[in-house]
Amino acid sequence: MKIILLLILVSLLLAVGFLYAFFWAVGTGQYEDEVTPSIRILFEDAKPSNDD
Amino acid sequence: MGKSPESKTKPSVLLCTHCGEACPDDSLSSGDSFFCCVGCQTVFDILKANNLGDFYRLNDEAGKSQRKLGNQDYSWLDVEKLADRMIRYKDETQHHIAIELPAIHCASCVWLLERLPQLLPGVRNCVIDITRKQASIQYDPQKINLRQIAEMLARIGYPPHFQYDTPLDKKQSDKSLIYRIGLSGFAFGNIMLLSFPEYFGLGADAGSLMVGGAMGYLLLILSLPVMFYAGSGFFSAAWYGLKARRATIDLPIAIGMIALFSRSVYEIISGTGPGYLDSLSGLVFFLLIGRWFQSYTFARLNFDRDYRDYFPVAAHRLSPDGSTEPVASEDLRPGDHIRIKPGQLIPADGRLTAFTKAGIDYSFVTGEAAPRPVAINQEVFAGGRATASPLEIEVTKETSHSYLLQLWQRGASKEENHGVQPSETLVRYFTLFVLTLAAGTLAWWYPTDTNLAFKAATAVLIIACPCALALAAPFAYGTLQRLFGRQGYYLRGPGVIRELGRVNAFVFDKTGTLVDNEDEESVDYHTDEHTAAGYAPVFLAMAERSDHPRSRAMARALRATGVQPITLHGLTEKIGEGLIVHHHGQDFRLGKASFCGLPSTKSGTYAVAGTVPIFSLKPAGPHLRPGGKDFLTELNKKGSIALISGDQKPQTRFWERLFQPDRTHFNMSPFSKQEYVADLQKKGNEVLMVGDGLNDAGALKTANVGLAVSDDEARFSPACDGILTGDELHLLPQVLRASSNLKWILWLTFGIAFCYNIIGLSYAVSGTLSPIIAAILMPLSSITVVIVATLGSWLVYSYSFRHQGR
Numbered sequence: 000m001k002i003i004l005l006l007i008l009v010s011l012l013l014a015v016g017f018l019y020a021f022f023w024a025v026g027t028g029q030y031e032d033e034v035t036p037s038i039r040i041l042f043e044d045a046k047p048s049n050d051d
Numbered sequence: 000m001g002k003s004p005e006s007k008t009k010p011s012v013l014l015c016t017h018c019g020e021a022c023p024d025d026s027l028s029s030g031d032s033f034f035c036c037v038g039c040q041t042v043f044d045i046l047k048a049n050n051l052g053d054f055y056r057l058n059d060e061a062g063k064s065q066r067k068l069g070n071q072d073y074s075w076l077d078v079e080k081l082a083d084r085m086i087r088y089k090d091e092t093q094h095h096i097a098i099e100l101p102a103i104h105c106a107s108c109v110w111l112l113e114r115l116p117q118l119l120p121g122v123r124n125c126v127i128d129i130t131r132k133q134a135s136i137q138y139d140p141q142k143i144n145l146r147q148i149a150e151m152l153a154r155i156g157y158p159p160h161f162q163y164d165t166p167l168d169k170k171q172s173d174k175s176l177i178y179r180i181g182l183s184g185f186a187f188g189n190i191m192l193l194s195f196p197e198y199f200g201l202g203a204d205a206g207s208l209m210v211g212g213a214m215g216y217l218l219l220i221l222s223l224p225v226m227f228y229a230g231s232g233f234f235s236a237a238w239y240g241l242k243a244r245r246a247t248i249d250l251p252i253a254i255g256m257i258a259l260f261s262r263s264v265y266e267i268i269s270g271t272g273p274g275y276l277d278s279l280s281g282l283v284f285f286l287l288i289g290r291w292f293q294s295y296t297f298a299r300l301n302f303d304r305d306y307r308d309y310f311p312v313a314a315h316r317l318s319p320d321g322s323t324e325p326v327a328s329e330d331l332r333p334g335d336h337i338r339i340k341p342g343q344l345i346p347a348d349g350r351l352t353a354f355t356k357a358g359i360d361y362s363f364v365t366g367e368a369a370p371r372p373v374a375i376n377q378e379v380f381a382g383g384r385a386t387a388s389p390l391e392i393e394v395t396k397e398t399s400h401s402y403l404l405q406l407w408q409r410g411a412s413k414e415e416n417h418g419v420q421p422s423e424t425l426v427r428y429f430t431l432f433v434l435t436l437a438a439g440t441l442a443w444w445y446p447t448d449t450n451l452a453f454k455a456a457t458a459v460l461i462i463a464c465p466c467a468l469a470l471a472a473p474f475a476y477g478t479l480q481r482l483f484g485r486q487g488y489y490l491r492g493p494g495v496i497r498e499l500g501r502v503n504a505f506v507f508d509k510t511g512t513l514v515d516n517e518d519e520e521s522v523d524y525h526t527d528e529h530t531a532a533g534y535a536p537v538f539l540a541m542a543e544r545s546d547h548p549r550s551r552a553m554a555r556a557l558r559a560t561g562v563q564p565i566t567l568h569g570l571t572e573k574i575g576e577g578l579i580v581h582h583h584g585q586d587f588r589l590g591k592a593s594f595c596g597l598p599s600t601k602s603g604t605y606a607v608a609g610t611v612p613i614f615s616l617k618p619a620g621p622h623l624r625p626g627g628k629d630f631l632t633e634l635n636k637k638g639s640i641a642l643i644s645g646d647q648k649p650q651t652r653f654w655e656r657l658f659q660p661d662r663t664h665f666n667m668s669p670f671s672k673q674e675y676v677a678d679l680q681k682k683g684n685e686v687l688m689v690g691d692g693l694n695d696a697g698a699l700k701t702a703n704v705g706l707a708v709s710d711d712e713a714r715f716s717p718a719c720d721g722i723l724t725g726d727e728l729h730l731l732p733q734v735l736r737a738s739s740n741l742k743w744i745l746w747l748t749f750g751i752a753f754c755y756n757i758i759g760l761s762y763a764v765s766g767t768l769s770p771i772i773a774a775i776l777m778p779l780s781s782i783t784v785v786i787v788a789t790l791g792s793w794l795v796y797s798y799s800f801r802h803q804g805r
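Each protein sequence line maps, in turn, to chains A and B.
Under numbering that gives the first Met the number 0, residues 0 to 51 are what the first sequence spells out, in order.
Under numbering that gives the first Met the number 0, residues 0 to 805 are what the second sequence spells out, in order.
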């Protein structure tokens, strides 16, 4: 039965990892602007176009 | 150019490469691109020179016309004290700023502005937030300064708008709420998961692990951050409420939380049971979600504009030797001499000391559009705009004491809390009821079974926790607030809806609110149309060169007939009279009848070539916004409607027919508007004020609900409870109906919560409330209430707007 306790602790550790990831995402402001990144990803990296 | 007016009506129209608007002529070009104004051409040239021509490929409507943008003055950013206020972070090698760029509107803007480092060496990074129209810029102070950045942004068509307080400060508290929600959600899920053996009656099989074992302590550890971090807000709110002798909803919540936690701790430590920690963390989780849902705001709108957002941040102070230095507006002292450039606002009350030719446009303050002529030594007021030439002013009052700003300082300031909490009476009775019931239960069981007595009494406190009571309103009002947003009604907070459901007096401003400024007038020809068409381009060019509202109306009316202007030289403007230009051996006059050499008895604006009147501006009746009359009649059934306007009383009795004559008021100053609203309130009315300009600011603030009408980007709306776009004004009756119908949904949710509570309490009083029943009943009642509140408000919304066909 003791093995259950270990499993529980491991699973909790994993969950804490996700909680930390969530805190990190909020802390670095990833939820603050939900529109611009979706626009930014569509721009080509290759820059200069010398048309005409 | 020098073409005769007759030959100048071109069939094909040149479109400006930058902004896509029609070019007045082909004089501005580079390569095969043409431009409508120098501003657009400058932007184009800068972008081309820096290999940023792709800007035009990404979007056909990438550029915005530069014609309307005045020359912005950013020299005050050289003053370190002022620049520092804008800088968020600073060290030796880098400065960080966040500035508002109202011109941001599309993907091309993002593309271009994020390549700012290419345009300006020294700028390290520029990140755009398109929703907030904000740029976060990092730059190297050794290589570039804030003024250079601001000037470059203005040159490429994104003049920054500098504010005293960046809205960034507010976000800190929002983040903490998100953290709390995440944490309590984490604890809720895990505690429930770990309690599953208990739920299925397997606790005994798990033996020493469950009751009284390691598991209990594990759950206790998980619940500690919920109790002491995530839920701490409820305790402090309840405590402050108690200190102020007010019963807030937080009080019964805090009582319930304490009962839940102490009972659980007792059970776990004594090994008598698994505790109610799942219910505790679930309760906190749901309540916090309710808080978050209700704190929803429309990110791109600002409801808290105060005078500092309108007023210039800095002014030019004149030194005795004639040079000027930029100085912060609030540092202006009586006796200072300042210079105001044309187009700028006067930052403080003062006395006019020098001008060449000047008018001051007070439309910003009074709503009256015509510029007023001025004289030396005349008193001028902060908020006026210099129209024609620079003014010099001796400051007589500090900015914060100016006449206009009294609007913000006078009158009752509105309660800041725009949340929706159940009324104090309800909470008081509820708390008293729960406490009495708990005491009664204790007294009933105590003689027979002491242990059971405490168990049952705490169970009463636990199960009666008013989760549903606290959640119903935020979700019902919050949902409706979001739905109103779809119709163009952006309310500051859910609490405004409750106020909207109560209003019974409606007060409107006229110009800009009920009447839109477009399509007001049309051209009335005095010669045959063919001759008139030949002269029209000259008059259009004249009209467009002036800022006078009559000229603007003339320009609009002419543009509407399809005329294109020509290029003119040597235009003279006589303030308050009209415009005159000598062109092809003829005098062209545009203005008052007397100015044009016509009998001065005639009113209106005339266009005269030589002595021949060509056409005049035919005033149309007041042009109500779409659906204007119908919605006023509709509102009249609900309560009294009144009109208060800063304009002159018009000749017609148009408005008296719409409103009662005794409720139609003209020539109202900003102060009398405010007093009018306050008077209505004194007579026991709940007042809804709808206005637009700064001249309505006081009335909007005083009214129970102040709605600001805005046709533009909602950028320059005064402080208010809600912003709506002018075309949606006619939806007001529907909005009001939905707001007042919402109370039925609230009663319904209260009824449901009541039923759950009766079931729960019957278990509790009899001392048979097991943790599993609590763990099912409490989240279930919360979820039911949330669903009913959300669906219900959606139904109320669709029912009220059912004829809208959306």
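Ideal placement from N, C-alpha and C gives every residue a C-beta, glycine not left out.
Query                                                                                                                                                                                        : Result
Going by the beta-carbon positions, is the gap between residue 795 (chain B) and residue 747 (chain B) smaller than 8 angstroms?                                                             : no
From B:532, B:469, B:436 and B:317, pick the residue whose C-alpha is nearest to that of residue 394 (chain B); which is it?                                                                 : B:317
Just curious, the alpha helix (DSSP H) that residue 19 (chain A) is in, first and last residue?                                                                                              : 1-26
How many Å lie between residue 631 (chain B) and residue 682 (chain B) at the Cα?                                                                                                            : 22 angstroms
Give me the DSSP bridge partner(s) of residue 615 (chain B).                                                                                                                                 : B:523 and B:605
Between B:322, B:781, B:648 and B:677, which has its C-alpha nearest residue 509 (chain B)'s C-alpha?                                                                                        : B:648
Give, in chain order, every residue of the region 2-29 of chain A whose Cβ lies closer than 9 angstroms to some Cβ of chain B.                                                               : 3, 4, 7, 8, 10, 11, 14, 15, 17, 18, 21, 22, 25, 26 and 28
Determine contact between the region 273-282 of chain B and the region 479-489 of chain B, defined as no fewer than three beta-carbon pairs at a distance below 8 angstroms.                 : no
Using a Cβ-Cβ cut-off of 8 angstroms, state whether residue 40 (chain A) counts as contacting chain B.                                                                                       : no
What does a CB cutoff of less than 6 angstroms around residue 774 (chain B) pick up in its chain, not counting 5 residues either side in sequence?                                           : 277 and 278
Between the alpha carbons of residue 666 (chain B) and residue 643 (chain B), how many angstroms are there, rounded?                                                                         : 8 angstroms
Quick check: does the Cβ of residue 337 (chain B) come within less than 7 angstroms of any heavy atom belonging to the ligand COA?                                                           : Annotation note on the ligand COA: not contained in the displayed structure, which lists no ligands.
Against chain A, does residue 128 (chain B) count as a neighbour if the rule is that its beta carbon must be under 8 angstroms from one of theirs?                                           : yes
Below 8 angstroms between beta carbons: does that hold for residue 744 (chain B) and residue 475 (chain B)?                                                                                  : yes
Classify residue 478 (chain B) as helix, strand or coil using the three-state DSSP reduction.                                                                                                : helix
Name the chain A residues whose beta carbon is nearer than 9 angstroms to that of residue 34 (chain B)?                                                                                      : Residues of chain A passing the Cβ test: none, with the nearest at roughly 16 angstroms.
Can the beta-carbon of residue 491 (chain B) be found less than 8 angstroms from the beta-carbon of residue 697 (chain B)?                                                                   : no
Provide the residue(s) that pair with residue 588 (chain B) in DSSP beta bridges, ordered along the chain.                                                                                   : B:579 and B:607
Can you name the residues of chain A whose CB is closer than 8 angstroms to the CB of residue 189 (chain B)?                                                                                 : 11 and 14
Measure the Cβ-Cβ separation of residue 229 (chain B) and residue 182 (chain B) and say whether it is below 8 angstroms.                                                                     : yes
Identify every run of the alpha helix (DSSP H) within the region 172-244 of chain B, keeping only runs that are complete inside it and at least 4 residues long; order them along the chain. : 195-198, 213-224 and 231-242
As a quick exercise: from B:544, B:786, B:214 and B:537, pick the residue whose alpha carbon is nearest that of residue 562 (chain B).                                                       : B:537
Comparing the C-beta of residue 110 (chain B) with each C-beta of chain A, is any distance below 8 angstroms?                                                                                : yes
Give a yes or no on whether the minimum CB-CB distance between residue 178 (chain B) and chain A is below 8 angstroms.                                                                       : yes
Could you work out which residues of chain A lie near residue 185 (chain B), taking near to mean beta carbons separated by less than 7 angstroms?                                            : 14 and 18
According to DSSP, is residue 39 (chain B) helix, strand or coil?                                                                                                                            : helix
Nearest chain A C-beta to residue 866 (chain B) closer than 8 angstroms, yes or no?                                                                                                          : This structure does not reach residue 866 (chain B), given that chain B is present from 0 up to 805, and the question cannot be answered.
What number of angstroms, rounded off, separates the C-alpha of residue 514 (chain B) from the C-alpha of residue 578 (chain B)?                                                             : 27 angstroms
Please confirm if residue 174 (chain B) has its CB atom under 8 angstroms from at least one CB of chain A.                                                                                   : yes
Considering residue 315 (chain B), what are the terminal residues of the alpha helix (DSSP H) in which it resides?                                                                           : Premise fails: residue 315 (chain B) lies in the beta strand (DSSP E), 313-317, not in any alpha helix (DSSP H).
Would you identify the three-state DSSP class for residue 353 (chain B), choosing helix, strand or coil?                                                                                     : strand
Name the two residues that bound the continuous alpha helix (DSSP H) containing residue 440 (chain B).                                                                                       : 423-444
My output table needs one value for residue 124 (chain B): the three-state DSSP class, helix, strand or coil.                                                                                : strand
Please list the partners that residue 213 (chain B) has in chain A, where partner means a Cβ-to-Cβ separation under 7 angstroms.                                                             : 4
With 8 angstroms set as the bound, which would you pick, yes or no: does the beta-carbon of residue 623 (chain B) sit closer than that to a beta-carbon of chain A?                          : no
Report the option in B:131, B:213 and B:79 whose CA atom is closest to the CA atom of residue 103 (chain B).                                                                                 : B:131
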